[in-house]
Amino acid sequence: MSSSASKFCYRRSMVVYSERMPVRFTDALPERTDVVVIGGGVIGIATAWFLRARGVAVLVCEKGRVAGEQSSRNWGWIRQQGRDAAELPIVIESINAWEAMARELDTDIGFTRRGVAYLAATERQLADFEQWLAVAAPHQLDTKLLSRAEVDALIRDRPGQWKGALYTPSDGRAEPFKAVPALADALRRRGAVIRESCAVRALDVEAGKVAGVVTEHGRVHASAVVCAGGAWSSLFLANLGIDLPQLTVRATVARTAVAPDIYAGNAAAPEVAIRRRLDGGYTVAASGINEHFVAADSFRYFRDFLPALRASHRFLDLRFGGDLLHRLTPTRRWRADEATPFERTRVLNPEPSPKALRNMRAGLEQRFPALAQLPFEECWAGMIDVTPDVVPVMDAVPQYPGLYLATGFSGHGFGIGPGAGRVMADLVLGRPVGHDLERFRFGRFFDGSPMVPGPGL
Ligand SMILES: Cc1cc2nc3c(=O)[nH]c(=O)nc-3n(C[C@H](O)[C@H](O)[C@H](O)COP(=O)(O)OP(=O)(O)OC[C@H]3O[C@@H](n4cnc5c(N)ncnc54)[C@H](O)[C@@H]3O)c2cc1C
């Protein structure tokens, strides 16, 4: 950890979130299965969960560790509030699915519905939040605006500082590092095959159709493959000659020591966001700091991302440091019989950002003084994969019949994970998906559709 980051934080997560984690899922690769899922994040595991529930034989290949990347590093918010209108019905389904899964699992994943509050320090912020009530209304969500006094009753710290809040009491939270591995454990008990440290190097294609995958440990035959590779999906598709405009931003998180209970849900102030944890601390993050490390793809997809850039440039920090040369000359093509970038980076484990940690500390002092003196016991960062319109792709890939894509969840894939997994399972099986997936078409990036950014990360 850089010395400036270590000033703010006792220790960076070196074991929990890196390839030093022991390999737990070591199932032998079958010769043949029905569906291969690439990626053991929340999206891959949830997709496999619902495929298995429909009696389908499924293999999940994870190059590093189950939930080693975004799916364990996130804030743990399971939020309907503030969603893109097209995502909202899926996330409503998803939060109910989280609730049902939490009951079925034998691990406490910390799922609880204690609400999400967006706190407004100015009338202008409150007016901006208010606009989302029109998105919520057709779904009979319990979202409402809170008065100053109501916010003070909800958040028991520094009363009088808020003009009001947008609040959804039925929103939830869970512990990401527990939730996805627990789901994977249960999935394996239900007969799915899960293999960690197993990169999928390439698709196996016969007569123009998907015939399986080539992994670093051998070939597996399957008639369908779901790419749920998070930040790596664009690279996987590049090797197939397919362009997926996708970039990454670094987001930094910390957890406090056990803390006074000032609020049991998830709250976002303009400067800092907090979530009560199962262990009695808070997960803390700086609001609105997203760092993009400039790379070849930044230039390749610049035009695709222009609308998103215009809408959110205030929150974007461009970074040129680190291994810029390497990032500007990435490997985009390889053969199935050679080691791939997926094997070279088993777990994407970026350094936490000193600037974000500094802002978190300042944000706590300003907004949540009851938490400000608590040490950060641990801090970490994750690379969020983002699409130009900040909503995911959930679709078939027309160039390769049998290949499906579930990626680009743009900073809000944890909450929607089970809903997206159910949708993907039914899409692969050719069953009705029950939601309008027009906004999530892969083709929107190529058919001249305007990129209309969703509400943000
Ligand atoms: C700091 C942070 C905070 C966030 N906060 C929230 C939040 O509060 N609420 C919310 O809803 N969302 C949040 N998100 C977003 C959420 O975590 C992600 O959208 C979600 O986890 C994405 O899941 P995924 O399965 O698509 O990707 P990932 O979890 O990144 O998983 C993809 C997996 O695919 C594997 N993989 C890639 N290529 C290959 C290959 N070729 N072979 C084998 N395996 C491969 C990778 O190793 C990886 O494990 C946050 C994200 C971050 C980083």
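Just so we're aligned, residue 2 is where the sequence shown starts under this note's numbering, counting upward by one.
We treat Cβ as the ideally placed atom computed from N, Cα and C, and that holds for glycine.
Leaving out five residues before and five after residue i in sequence, what residues of the same chain have Cβ atoms less than 8 Å from its Cβ?
{"i": "H293", "result": "L248, T249, V250, R251, S299, L317, D318, L319, R320"}
{"i": "P351", "result": "R251, A382, G383, M384"}
{"i": "P433", "result": "D427"}
{"i": "A297", "result": "R328, L329, T330, P331"}
{"i": "R53", "result": "V59, L188, R191, G192, A193"}
{"i": "A397", "result": "L404, Y405, L406, L428, F443"}
{"i": "A185", "result": "F26, G41, I46, V61, V67, A68, I195"}
{"i": "R333", "result": "L236, A239, N240"}
Please find out if some non-hydrogen atom of ligand 1 comes closer than 6 Å to the beta-carbon of residue i.
{"i": "E94", "result": "no"}
{"i": "F26", "result": "no"}
{"i": "S506", "result": "A question about residue 506 goes unanswered here, because the residues of the chain that appear run from 2 up to 458."}
{"i": "S72", "result": "yes"}
{"i": "V254", "result": "yes"}
{"i": "E63", "result": "yes"}
{"i": "W50", "result": "no"}
{"i": "H413", "result": "yes"}
{"i": "N75", "result": "yes"}
{"i": "G209", "result": "no"}
{"i": "V201", "result": "yes"}
{"i": "V38", "result": "no"}
{"i": "W233", "result": "yes"}
{"i": "I110", "result": "no"}
{"i": "G416", "result": "yes"}
{"i": "I385", "result": "yes"}
{"i": "W335", "result": "no"}
{"i": "W99", "result": "no"}
{"i": "V43", "result": "yes"}
{"i": "A229", "result": "yes"}
{"i": "F369", "result": "no"}
{"i": "F443", "result": "no"}
{"i": "G282", "result": "no"}
{"i": "F410", "result": "yes"}
{"i": "G69", "result": "yes"}
{"i": "F237", "result": "yes"}
{"i": "W163", "result": "no"}
{"i": "F343", "result": "yes"}
Short of 6 Å in beta carbon distance, which residues of its chain neighbour residue i, apart from the five on each side in sequence? Order them along the chain.
{"i": "V69", "result": "In the sequence under discussion, the amino acid at residue 69 is Gly, which differs from the Val named in the question. Same-chain partners within the cutoff: V348."}
{"i": "R114", "result": "S171, G173"}
{"i": "Y264", "result": "I156"}
{"i": "A371", "result": "D158, P261, I263"}
{"i": "R189", "result": "I195"}
{"i": "P182", "result": "V67, A68"}
{"i": "A340", "result": "none"}
Distance cutoff 7 Å, beta carbons only. Does residue i sit that close to anything in chain D?
{"i": "A86", "result": "No chain D is part of this structure, which consists of one protein chain only."}
Taking C-beta to C-beta, are residue i and residue j nearer than 7 Å?
{"i": "A193", "j": "V24", "result": "no"}
{"i": "R277", "j": "G77", "result": "no"}
{"i": "F178", "j": "S73", "result": "yes"}
{"i": "R256", "j": "G230", "result": "no"}
{"i": "V37", "j": "V206", "result": "no"}
{"i": "A203", "j": "V211", "result": "no"}
{"i": "L406", "j": "F443", "result": "yes"}
{"i": "R368", "j": "A270", "result": "yes"}
{"i": "I96", "j": "A180", "result": "no"}
{"i": "G165", "j": "E272", "result": "no"}
{"i": "T239", "j": "K64", "result": "Before going on, a small fix: residue 239 reads as Ala here, not Thr. Going by C-beta atoms, A239 is not nearer than 7 Å to K64."}
{"i": "V429", "j": "D390", "result": "no"}
{"i": "F26", "j": "E197", "result": "yes"}
{"i": "P456", "j": "D85", "result": "yes"}
{"i": "G209", "j": "A223", "result": "no"}
{"i": "L464", "j": "A268", "result": "Residue 464 is absent from the model: the chain starts at 2 and stops at 458."}
{"i": "A258", "j": "E379", "result": "no"}
{"i": "Q400", "j": "I243", "result": "yes"}
{"i": "T169", "j": "Q71", "result": "no"}
{"i": "F112", "j": "W133", "result": "no"}
Tell me which residues share the same chain as residue i and place their Cβ nearer than 7 Å to its Cβ, disregarding the 5 neighbours each side in the sequence.
{"i": "T388", "result": "P246, Q247, V394, G409, S411"}
{"i": "I91", "result": "I417, G420, A421, V424, H436"}
{"i": "P31", "result": "L60, V194, V221"}
{"i": "T108", "result": "K179, A183"}
{"i": "A357", "result": "T253, A287, I290"}
For this session: Output the residue ranges of the beta strand (DSSP E) runs that lie fully inside the stretch 242 to 323 and measure 3 residues or longer, sorted by chain position.
Result: Those beta strand (DSSP E) runs which fall completely within the stretch 242 to 323 and span 3+ residues are 248 to 257, 267 to 269, 273 to 277, 283 to 287, 291 to 294, 317 to 320.
For this session: Run through the stretch 173 to 234 for me and flag every whole alpha helix (DSSP H) of 4 or more residues, listed as ranges in chain order.
Result: The stretch 173 to 234 contains these whole alpha helix (DSSP H) runs: 177 to 190.
For this session: Would you mind listing the alpha helix (DSSP H) stretches within the stretch 79 to 162 that are 4+ residues and don't spill past its ends, in chain order?
Result: 89 to 105, 124 to 131, 134 to 137, 149 to 155
For this session: List in chain order: all unbroken alpha helix (DSSP H) runs of 4+ residues lying wholly within the stretch 317 to 368.
Result: 325 to 329, 342 to 345, 355 to 368
For this session: Enumerate, from N- to C-terminal direction, the unbroken alpha helix (DSSP H) stretches of 4 or more residues contained entirely within the stretch 387 to 450.
Result: 414 to 429
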